[in-house]
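Let me begin by presenting the structure, written as structure tokens, before commenting on it.
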Amino acid sequence: MEAVVTSDFFPTGTEEVDARQGEKLNVLTFMDNGEWVKVETARRVGFIPMNHIRIKPIWWYFGKLKRIDAEWILSECARNEGAFLIRSSESHPGEFSLSMKHNNAIEHYQIRKDHLGKYSIWQLKFASLNLLVDHYQRASISLDEYAYLAPIEPHERHKTIVIAVALYDFETQEEAELCFRRGQTLIITDRSDENWWQARTAHSKGFIPACYVRIIRTLNECPQVSLFKICC
Numbered sequence: 001m002e003a004v005v006t007s008d009f010f011p012t013g014t015e016e017v018d019a020r021q022g023e024k025l026n027v028l029t030f031m032d033n034g035e036w037v038k039v040e041t042a043r044r045v046g047f048i049p050m051n052h053i054r055i056k057p058i059w060w061y062f063g064k065l066k067r068i069d070a071e072w073i074l075s076e077c078a079r080n081e082g083a084f085l086i087r088s089s090e091s092h093p094g095e096f097s098l099s100m101k102h103n104n105a106i107e108h109y110q111i112r113k114d115h116l117g118k119y120s121i122w123q124l125k126f127a128s129l130n131l132l133v134d135h136y137q138r139a140s141i142s143l144d145e146y147a148y149l150a151p152i153e154p155h156e157r158h159k160t161i162v163i164a165v166a167l168y169d170f171e172t173q174e175e176a177e178l179c180f181r182r183g184q185t186l187i188i189t190d191r192s193d194e195n196w197w198q199a200r201t202a203h204s205k206g207f208i209p210a211c212y213v214r215i216i217r218t219l220n221e222c223p224q225v226s227l228f229k230i231c232c
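Numbering follows UniProt numbering, with no gaps: position 175 of the sequence shown is 175.
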């Protein structure tokens, strides 16, 4: 993913990178606490605080979303063929996976990254995830049939999809509560109460303390268009 530096950053640790206002970066990984990201500059790879960069709006990145939760979102919430999302890979840390709805099934593609920082699913390589997504919205991602990436169009029963990331671990004390771990991605289904929200994963649902999570994305259905809001 691409980002631009909004203010100069001078590193204080050996794993941090210096960056100047206006400089363009390639975002590699979001850290669990949501405050730091691992980036690639023209000079090196390292870490920089989130409040020093602005990420190019990308509705399709869902962070550390589990494969089974991605399948639930695309099968239960998306009504259109080609609906997709990209998430951090569970089996290959630091890389990504693409999940897509096709022929009423959910398909998964591993996105590889080579030593030059180029991304690929097949032989064709791209300088960024943005370019990879742009290409497969115009060209088939499947080698065997026509399958094009498309924005998620929410199903009528899920007119608003709210995605949040857990800031802390939460152990349940009541049966109606939902257990989760820091960095886990959750789907928020009800925010009518100020302190306790309702959330779900593919396996379970329940109440969670609102102060334990941060909303990273909302997906709303509007006439003839889907609007995506990035909350970083």
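Even glycine gets a Cβ: it sits at the ideal position worked out from N, Cα and C. From a predicted model like this one, the values you see are computed outputs, not experimental measurements.
Reduced DSSP secondary structure (H/G/I, E/B, other) of residue i
| i | result |
| --- | --- |
| Arg67 | helix |
| Leu167 | coil |
| Asn51 | helix |
| Ile141 | coil |
| Leu178 | coil |
| Trp59 | coil |
| Glu194 | coil |
| Tyr212 | helix |
Bridge-paired residues (DSSP) for residue i
| i | result |
| --- | --- |
| Met100 | Phe84 and Glu107 |
| Ala150 | Ala83 |
| Gly206 | Ala199 |
| Ser120 | Arg112 and Lys125 |
| Glu40 | Asn26 and Val45 |
| Phe10 | The partner list for Phe10 (beta bridge, DSSP) is empty, contrary to what the question assumes. |
First through last residue of the beta strand (DSSP E) which encompasses residue i
| i | result |
| --- | --- |
| Asp190 | Thr185 to Asp190 |
| Leu131 | No beta strand (DSSP E) holds Leu131; the alpha helix (DSSP H) holding it covers Leu129 to Tyr136. |
| Ala19 | From DSSP, Ala19 is part of no beta strand (DSSP E); its letter is neither H nor E. |
| Ala78 | It is not in any beta strand (DSSP E) - Ala78 carries neither H nor E in the DSSP assignment. |
| Glu2 | Glu2 to Val5 |
Proximity of residue i and residue j at Cβ, strictly below 8 Å
| i | j | result |
| --- | --- | --- |
| Ile163 | Phe96 | no |
| Glu40 | Asn26 | yes |
| Glu71 | Ala202 | yes |
| Lys101 | Leu74 | yes |
| Glu153 | Asn103 | no |
| Ser204 | Leu178 | yes |
| Ile48 | Ala19 | yes |
| Thr189 | Ala176 | no |
| Gln137 | Leu124 | no |
| Lys66 | Glu90 | yes |
Exposure label - residue i; buried when at least 16 CB within 10 Å
| i | result |
| --- | --- |
| Tyr119 | buried |
| Gln184 | buried |
| Trp60 | buried |
| Ile216 | buried |
| Ala127 | exposed |
| His211 | One point to set straight first is that residue 211 is Cys, not His, in the sequence displayed. Label assigned to Cys211: exposed. |
| Leu143 | exposed |
| Ala3 | buried |
| Ser88 | buried |
| Asp169 | exposed |
| residue 246 | No answer is possible for residue 246: the residues shown for the chain start at 1 and end at 232. |
| Val5 | buried |
| Val45 | exposed |
| Ser99 | buried |
| Lys56 | exposed |
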